[in-house]
Amino acid sequence: ILNVEQSPQSLHVQEGDSTNFTCSFPSSNFYALHWYRWETAKSPEALFVMTLNGDEKKKGRISATLNTKEGYSYLYIKGSQPEDSATYLCAFGDQAGTALIFGKGTTLSVSS
Amino acid sequence: AAGVIQSPRHLIKEKRETATLKCYPIPRHDTVYWYQQGPGQDPQFLISFYEKMQSDKGSIPDRFSAQQFSDYHSELNMSSLELGDSALYFCASSLGRGSSYEQYFGPGTRLTVT
Numbered sequence: 158i159l160n161v162e163q164s165p166q167s168l169h170v171q172e173g174d175s176t177n178f179t180c181s182f183p184s185s186n187f188y189a190l191h192w193y194r195w196e197t198a199k200s201p202e203a204l205f206v207m208t209l210n211g212d213e214k215k216k217g218r219i220s221a222t223l224n225t226k227e228g229y230s231y232l233y234i235k236g237s238q239p240e241d242s243a244t245y246l247c248a249f250g251d252q253a254g255t256a257l258i259f260g261k262g263t264t265l266s267v268s269s
Numbered sequence: 159a160a161g162v163i164q165s166p167r168h169l170i171k172e173k174r175e176t177a178t179l180k181c182y183p184i185p186r187h188d189t190v191y192w193y194q195q196g197p198g199q200d201p202q203f204l205i206s207f208y209e210k211m212q213s214d215k216g217s218i219p220d221r222f223s224a225q226q227f228s229d230y231h232s233e234l235n236m237s238s239l240e241l242g243d244s245a246l247y248f249c250a251s252s253l254g255r256g257s258s259y260e261q262y263f264g265p266g267t268r269l270t271v272t
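Protein chains in written order, with our numbering: chain V, 158 to 269; chain R, 159 to 272.
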């Protein structure tokens, strides 16, 4: 059974703090790792898709790294803002097909 | 930019009834995915279609069926509904088949079975 673990489950930070979350996934049959940002009552928004070991991607104040050998990815948010409050989901794709296996997410709350 | 459209957004059904959920992918996207997210759970993959053919099958109950039509929209048919089917059902689409393609999600259909 493929399992994707995210930690922490929830996080509360102050505006301006930098923070990071972890996603752990099976290192065998790795094909892709996705990060999504999901605000309440909205669709999950794709942040990054990473496929290569050592990949680093950045979008504004948010960046992500990937280690496929040890099976983890980090998502970093620099200088958190209240609008960053959301649930951040990671999802693992293996070589077998199209399905993504999701973690339970990290819920971030940023106070001003 | 056009997004994935799902209808209805909310649906209330009674046990043993049937429900049909619809998904309209982003124009030119050829792959559609269905996910089910129960209360407090992570999204679980149900089924996907590529170019109108079933591509992958996940934890979809036998009571559910789905198809992708010639215009690429997809429908998820759910029969003999059970209380445990109450969940948020997401549809996603991508341009290309394979887990390395970015999947764009719709807003979801919240199904409540009473």
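Virtual Cβ for every residue (Gly too), placed ideally from N, Cα, C.
If you compare the alpha carbons of SER269/V, TYR245/V and VAL267/V with that of CYS180/V, the shortest gap goes to TYR245/V. Contact annotation: SER237/V and THR176/V have beta-carbon atoms nearer than 8 Å.
Residues of the segment 239-261 of chain R that bring their beta carbon within less than 9 Å of a beta carbon in chain V comprise PHE248, ALA250, SER252, ARG255, GLY256, SER257, SER258, TYR259, GLU260 and GLN261, in sequence order. Residue pairing by DSSP places SER230/V opposite CYS180/V and LEU223/V in a beta bridge. Rounded to the nearest angstrom, the Cβ distance from PRO165/V to GLY228/V is 18 Å, too far for a contact under 8 Å.
Residue nearest to ASP251/V within the set SER200/V, THR225/V, GLU213/V and ALA203/V is THR225/V (criterion: CA-CA distance).
Between LYS214/V and MET207/V, the C-beta spacing is below 8 Å. The criterion of a C-beta distance shorter than 8 Å is not satisfied by ILE184/R and TRP192/R.
From the beta-carbon of ALA256/V, the residues of chain R found nearer than 8 Å are TYR191, PHE203, SER206, ASP214, GLY216 and SER257. The CB of LYS215/V never comes closer than 8 Å to any CB in chain R; the least such distance is about 16 Å. Counting along the chain, the unbroken beta strand (DSSP E) around ASP214/R starts and ends at 211-215. In the displayed model, LEU241/R falls within a helix according to three-state DSSP.
Chain V places a beta carbon closer than 8 Å to that of ASP200/R, counting this residue as a contact.
Proximity of chain R to GLY211/V at the Cβ level (cut-off 9 Å) is not reached, the minimal Cβ distance being about 16 Å. Of all residues in the segment 165-199 of chain V, the ones placed with a Cβ closer than 9 Å to any Cβ belonging to chain R are TYR188, ALA189, HIS191, TYR193, TRP195, ALA198 and LYS199, in chain order.
By the Cβ rule, the segment 219-229 of chain R does not count as touching the segment 244-256 of chain R, because fewer than three pairs are nearer than 8 Å. Relative to the Cα of LEU269/R, the nearest Cα in the group SER228/R, LEU241/R and LYS210/R belongs to LEU241/R. Residue pairing for ALA243/V: DSSP places it in a beta bridge opposite LEU265/V.
Put simply, the backbone Cα of THR178/R is about 32 Å away from that of PHE205/V.
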